[in-house]
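Notes follow the structure.
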Amino acid sequence: MSSYQEAFTTSVEQPELFWKQQAEKLAWYQFPHTILSKDEHGIDRWFADGELNTCYLALDHHVEQGRGDQTALIYDSPVTGQKARYTYQVLRDQVAKTAGMLASLGVVKGDRVVIYMPMIPEAAMAMLACARLGAIHSVVFGGFAPNELAVRIEDAEPKVVLTASCGVEVNKVIPYKPMVDQAVMDSRWKPDYVVVYQRKQCLADLHHERDRDWSSMLKSAQPHECVPVQATDPLYILYTSGTTGKPKGVVRDNGGHAVAMRYSMEAIYDVSPGDVYWAASDVGWVVGHSYIVYAPLIHGCTTIMYEGKPVRTPDPGAFWRVCDEYKVKILFSAPTAFRAIKKEDPQGSHLKDYPMASLKTIFMAGERLDPPTLEWVKEKTGRPVVDHWWQTETGWAIAGNPLGIETFKVKPGSSTKPIPGYQVEVLNEVGLPLGANQQGYIAIKRPLPPGCLPTVWRNHDRFETGYLSQFPGYYVSGDGGYLDEDGYLFVMGRIDDVINVAGHRLSTGEMEEVVGAHEAVAECAVIGIHDELKGQLPLGLVVLKDGYFSENGEIEAQLLQKVRQEIGAVACFNKALIVDRLPKTRSGKILRRVIRQIADGEQYVVPSTIDDPSSLQEIERVLR
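Numbering (UniProt numbering), first residue to last: 1 to 624.
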């Protein structure tokens, strides 16, 4: 039996033994006797009688083990020109004082704290300080519109909101305090305090009686010790992006999360304590929670907080510069970041300036990794590229290439194999497992492994109906795809991204793969639009690489022919339009549903997570 097969088989046949062995690698206050049990709702819970503190695992434990002088956190901000390094000892001391600051405002175990901050070290310190107190943090992406912040404040009911005076982007400063004030005014729930970290790029006016100055409070704060919590106590609430109306708060517990984070660093990313690990994301997203803050620090790595973009800060060599300068071993970002680099530097010429001698592997997740992007990054960097698939709800990878267990051959378009702990099955409409290469609903047989959500904040019925009730005994991912004859998982997109053309169910992801392989295409989206005769027809929206132009519709014609050749006439792919950019969320997901609504002439809501609202206006102009 192979190393992977042995680990996977144990994880699904003897889950309690498997996860007990992983839990033993953490420093618990009280090691759990009960590894797997059910709560009052009948939901599987991990390590219910264990006691620990996530901040202790991330910081204090390493200091006590004599590694306090190792760099824990590197801050690199090309938009402000600032750089900083924090050792485990210094970061621990700063977090302990930040926790003391919160405690002086009355924050205790179980209280909620909303964090609305840019990518600065204080954001990570705020998260860890909440964990230190046993308080539950809810990070809201800095720059979200006031109404979106307001609904999250209403749902989480925080005692304190932590913010900064501004966010800084390329040639733009975004004042945060007016947005926080508006959100608090609009919310039915009022926090007791709003604490503001002042940045010199734009100072905030602290005019309300609840306002406090972060730096002044920190000076007088007393360091606070770690507060023991139950493994099943919540660590954080993270609202899924694109929520309209009442937000959906994914709950993450302390114990299962810590075990999963440490295991994933070893099993999936194959990193050791002391290695430099960079997740080029934002703490407002799940990737930032898991792989900027918690997993690298729990595992004893050096993590990087980067306040910049993959391009224009100052050029498409930004990522390579960071990897080279800080001896990064693992780089993890979304495919959209690499497509942006490819668009502005198709030949990868900036790579010659940065040898990146320490860089071993590039990981991607957050959206489907199209094979052309995979091949471009692999060819230009000379490094292996690993696609892995996971969700806000799971907190870590469902499927990937588990480099720390066994390295598998890459199949472009596949996120490789299910990670030990995840029993992935592909089901048909009535919940029966499908055979190899048959597309259906991707589901995970319960129990879910540690680290996955046990509920939705204050709305357990929504958790049951949204994830568990469709196929009893399974968690439904909402994604469609298939397992091939070798057990490789192919995620083809959200279930509603499968279109029905004259009775044929076709994957838009498959069409995007074909279109994206054209040498002129930087990125693309294929959506299904309403058609009176065939039900739906595919429409391709294409962004060209810099330096490419389509004369007399030449490239569009080539794309139509390419899809016809590789998928067949059944696809009815008869329309491709070239656009300057695609509307996306700030985390890089293309807003396919909104594009589809525009194309079908339906009313649509501009998502709170949109990166550039004007991109929708261009789509409207092109489609109408």
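Where is the CB? At the ideal position from N, CA and C, for every residue including glycine.
Checklist entry - What separation, rounded to the nearest whole angstrom, lies between the Cα atoms of Asp76 and Lys327? => result Position 76 of the sequence shown, counted from the first residue, corresponds to residue 76. Position 327 of the sequence shown, counted from the first residue, corresponds to residue 327. Cα to Cα, Asp76 sits roughly 14 Å from Lys327.
Item to check | Presumed contact (8 Å Cβ cut-off) between Lys97 and Pro223, rounded CB distance | outcome: Taking the first residue of the sequence shown as position 1, residue 97 is located at position 97. Taking the first residue of the sequence shown as position 1, residue 223 is located at position 223. Between Pro223 and Lys97 the Cβ distance is about 5 Å, and since that is below 8 Å, they are a contact.
Item to check | C-alpha gap between Leu351 and Ala280, whole angstroms | outcome: Taking the sequence shown and counting its residues from 1, the one referred to as residue 351 is at position 351. Taking the sequence shown and counting its residues from 1, the one referred to as residue 280 is at position 280. If I take the Cα positions, the gap works out to 17 Å.
Checklist entry - In angstroms, rounded to a whole number, what distance separates the CA positions of Asp192 and Pro178? => result For this step, residue 192 is matched to residue 192 along the sequence shown. For this step, residue 178 is matched to residue 178 along the sequence shown. Their backbone Cα atoms lie some 17 Å apart in a straight line.
Checklist entry - Which first and last residues belong to the beta strand (DSSP E) in which Thr10 is found? => result Here residue 10 corresponds to residue number 10 of the sequence shown, with the count starting at 1. Taken as a continuous stretch (DSSP letters only), Thr10 belongs to no beta strand (DSSP E), being part of the alpha helix (DSSP H) at 3–13.
Next on the checklist: Three Cβ pairs or more, each shorter than 8 Å: is that satisfied between the region 89–96 and the region 63–73?
Outcome noted: yes
Checklist entry - Would you say the beta carbon of Gly413 comes nearer than 6 Å to a heavy atom of the ligand FAD? => result Among the components modelled here there is no ligand, and therefore nothing to report on the ligand FAD.
Item to check | Buried/exposed call for Ser215, threshold 16 Cβ in 10 Å | outcome: On the sequence shown, residue 215 is found 215 positions in, with the first residue counted as 1. Counting Cβ neighbours within 10 Å, Ser215 comes out exposed, since fewer than 16 surround it.
Next on the checklist: Could you tell me the alpha carbon to alpha carbon distance between Trp278 and Leu235, rounded to whole angstroms?
Outcome noted: If you number the sequence shown from 1, residue 278 lands on position 278. If you number the sequence shown from 1, residue 235 lands on position 235. Their backbone Cα atoms lie some 22 Å apart in a straight line.
Checklist entry - Quick one: what does DSSP say Ser77 is sitting in, helix, strand or coil? => result Counted from its first residue, the sequence shown places residue 77 at position 77. Reduced to three states, the DSSP call for Ser77 is strand.
Item to check | Delimiting residues of the alpha helix (DSSP H) encompassing Ser215 | outcome: The residue you call residue 215 lines up with position 215 of the sequence shown. Ser215 -> alpha helix (DSSP H) spans 214–220.
Checklist entry - In or out: Leu432 buried (at least 16 other Cβ within 10 Å) or exposed? => result In the sequence shown, counting from the first residue as 1, residue 432 sits at position 432. Its Cβ having fewer than 16 others within 10 Å, Leu432 is exposed.
Checklist entry - Which class does Tyr474 belong to by DSSP, given the choice of helix, strand or coil? => result Against the sequence shown, residue 474 aligns to sequence position 474. Strand, per DSSP.
Item to check | Candidates Trp46, Lys534, Ile237, Ala569, of which the one nearest Pro32 by Cα | outcome: Indexing the sequence shown from 1 puts residue 32 at position 32. Among Trp46, Lys534, Ile237, Ala569, the Cα nearest to that of Pro32 belongs to Trp46.
Next on the checklist: Whole angstroms are fine: how far does the CA of Val151 sit from the CA of Gly245?
Outcome noted: For the purposes of this step, residue 245 is identified with residue 245 of the sequence shown, where counting begins at 1. For the purposes of this step, residue 151 is identified with residue 151 of the sequence shown, where counting begins at 1. The predicted model places Gly245 with a pLDDT of 47, which falls under 50 and marks its position as unreliable, so this point remains unresolved.
Item to check | Pro296 - containing alpha helix (DSSP H), residue span | outcome: Locating residue 296 in the sequence shown gives position 296, counting from the first residue. Run containing Pro296: 295–298, per the alpha helix (DSSP H) assignment.
Checklist entry - In chain order, what residues of the same chain have a beta carbon less than 6 Å from the beta carbon of Val514, not counting five sequence neighbours either side? => result Reading the sequence shown from its first residue, position 514 is the one you call residue 514. Excluding positions up to five away in sequence, the list reads Lys562, Val563, Glu566.
Next on the checklist: By the DSSP assignment, the beta strand (DSSP E) with Trp278 in it spans what residues?
Outcome noted: What you label residue 278 is simply residue 278 of the sequence shown in a count that begins at 1. From DSSP, the beta strand (DSSP E) with Trp278 extends over 276–279.
Checklist entry - Going by other Cβ atoms of all chains shown within 10 Å of its Cβ, with 16 needed for buried, is Glu519 buried or exposed? => result For the purposes of this step, residue 519 is taken as the residue at position 519 of the sequence shown. That one is exposed.
Checklist entry - Taking Cβ to Cβ, would you say Ile527 is nearer than 7 Å to Arg596? => result For the purposes of this step, residue 527 is identified with residue 527 of the sequence shown, where counting begins at 1. For the purposes of this step, residue 596 is identified with residue 596 of the sequence shown, where counting begins at 1. Going by C-beta atoms, Ile527 is nearer than 7 Å to Arg596.
Item to check | Endpoints, the alpha helix (DSSP H) within which Asp345 is located | outcome: Against the sequence shown, residue 345 aligns to sequence position 345. Note, Asp345: premise wrong, no alpha helix (DSSP H); not H, not E.
Next on the checklist: Let me check one thing: in DSSP terms, what residues is Val514 bridge-paired to?
Outcome noted: As a first step, residue 514 is located in the sequence shown; it is residue number 514 there, counting from the start. Answer by DSSP bridge pairing: none, since Val514 is not bridged.
Item to check | CB contact below 7 Å: Val276 versus chain D | outcome: Here chain D cannot be found, since the structure has a single protein chain.
Next on the checklist: If the criterion is Cβ atoms closer than 7 Å, does the pair residue 630 and Phe338 meet it?
Outcome noted: Since the displayed the chain opens at 1 and closes at 624, residue 630 lies outside it and no answer follows.
Item to check | From Cys166, Arg262, Gln439, residue whose alpha carbon lies closest to that of Val79 | outcome: As a working note, residue 79 is residue 79 in the sequence shown. Taking only the C-alpha atoms, the option nearest Val79 is Cys166.
Next on the checklist: For Lys38, tell me which candidate among Asp49, Arg210, Ile610, Gly142 has the shortest Cα-Cα distance.
Outcome noted: On the sequence shown, residue 38 is found 38 positions in, with the first residue counted as 1. Closest option to Lys38, Cα to Cα, is Asp49.
Checklist entry - By the 10 Å Cβ neighbour count, where 16 or more other Cβ atoms means buried, how is Phe408 classified, buried or exposed? => result Walking along the sequence shown from the start, residue 408 turns up at place 408. Buried, by the Cβ-count rule.
Item to check | Three-state class that DSSP yields for Trp320 in the structure shown | outcome: Here residue 320 refers to the residue found at position 320 when the sequence shown is read from its first residue. Three-state DSSP puts Trp320 in a helix.
Item to check | Backbone CA spacing between Leu416 and Val605 [nearest angstrom] | outcome: Numbered from its first residue, the sequence shown carries residue 416 at position 416. Numbered from its first residue, the sequence shown carries residue 605 at position 605. Per the sequence shown, the amino acid found at residue 416 is Thr instead of Leu. So the alpha carbons of these two residues sit roughly 35 Å apart.
Checklist entry - From Thr373 to His61, what does the alpha carbon distance come to, in whole angstroms? => result Sequence index remark: in the sequence shown, residue 373 carries index 373 (1-based). Sequence index remark: in the sequence shown, residue 61 carries index 61 (1-based). Approximately 40 Å between the Cα atoms of the pair.
Item to check | Top-ranked residue by Cα proximity to Arg199, from Ala135, Thr163, Lys411, Phe490 | outcome: What you label residue 199 is simply residue 199 of the sequence shown in a count that begins at 1. It is Thr163.
Checklist entry - Quick one, are the C-beta atoms of Val426 and Tyr482 less than 7 Å apart? => result Here residue 426 refers to the residue found at position 426 when the sequence shown is read from its first residue. Here residue 482 refers to the residue found at position 482 when the sequence shown is read from its first residue. Contact flag set, yes.
Item to check | Beta-carbon proximity list for Glu148, same chain, < 6 Å, skipping 5 on both sides | outcome: Position 148 of the sequence shown, counted from the start, is the residue given in the question as residue 148. So the list reads Ser608, once near-sequence residues are dropped.
Item to check | Contact set for residue 640: own chain, Cβ-Cβ below 6 Å, skip 5 residues either direction | outcome: There is simply no residue 640 to check, as the chain begins at 1 and stops at 624 in what is shown.
Next on the checklist: For the region 307–318 against the region 455–462, do three or more pairs of beta-carbon atoms, one drawn from each stretch, fall closer than 8 Å, so that the two count as touching?
Outcome noted: no
Item to check | Rounded C-alpha distance that separates Phe8 from Gly568 | outcome: What you label residue 8 is simply residue 8 of the sequence shown in a count that begins at 1. What you label residue 568 is simply residue 568 of the sequence shown in a count that begins at 1. One C-alpha to the other measures close to 38 Å.
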